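Quick notes on the structure that follows.
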Amino acid sequence: MIRWLFGFLVLGSGLLVACGAAPVTSTPTATPDPVAQGREVFLRVCAECHGQNGEGYANELAAPALDASEHAWHHPDQQIRDWIANGKLGLGREMPALGDQLAEVEIEAVITYLHTLWTPEQLATQQDITNRYGPQAGDGDG
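If you want this note's numbering, it's the position in the sequence shown, counting the first as 1, plus 100.
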């Protein structure tokens, strides 16, 4: 009887170890595609003034195009980030500050999305300007 009880306990605890000791795995959270996230934020926050595809408006909003048709690609990422977060004065118009509405990751995603609106040549030039402009946000130097 004791032998049977001992065997049962050993077998039972083995099953508990086998079942209970297995690591609990969770499904990893997918990292959002920054372009898709940037387009979603752009459509939700920016398109009202800059157009659904960044084409801009020549109406009372007078928001410039952000696509390849105008000169948005002449500006470094750091400057675009600052304008999104802190707003920008313009000629008779003002872009509101959005830093209190958008997380840094959303701002970065919008910038990544804007990159897709430019020709490869424009993007290469813009990235060169960005690299020469100065430290990226979060580098501790600016």
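Quick reminder that beta carbons are idealized off the backbone N, C-alpha and C, glycines included. If you're wondering where the values come from, they're calculated on a predicted model, not measured in any experiment.
- Taking a cut-off of 8 Å on C-beta distances, the segment 131 to 138 touches the segment 204 to 216, as three or more cross pairs fall below it.
- Residue state for Leu-166 is assigned as coil, using DSSP reduced to three classes.
- DSSP, read as helix, strand or coil, puts Leu-189 in strand.
- Rounded to the nearest whole angstrom, the C-alpha separation of Thr-225 and Pro-164 is 20 Å.
- For His-150, the uninterrupted alpha helix (DSSP H) run begins and ends at 147 to 150, by DSSP.
- For Glu-194, the secondary structure class from DSSP, reduced to helix, strand or coil, is strand.
- Here Pro-220 carries a helix assignment [DSSP, helix/strand/coil].
- In the three-state scheme derived from DSSP, where H, G and I count as helix and E and B as strand, Ala-203 is classed as coil.
- About 14 Å separates the beta carbon of Val-141 from that of Leu-217, a gap too long to meet the 8 Å contact definition.
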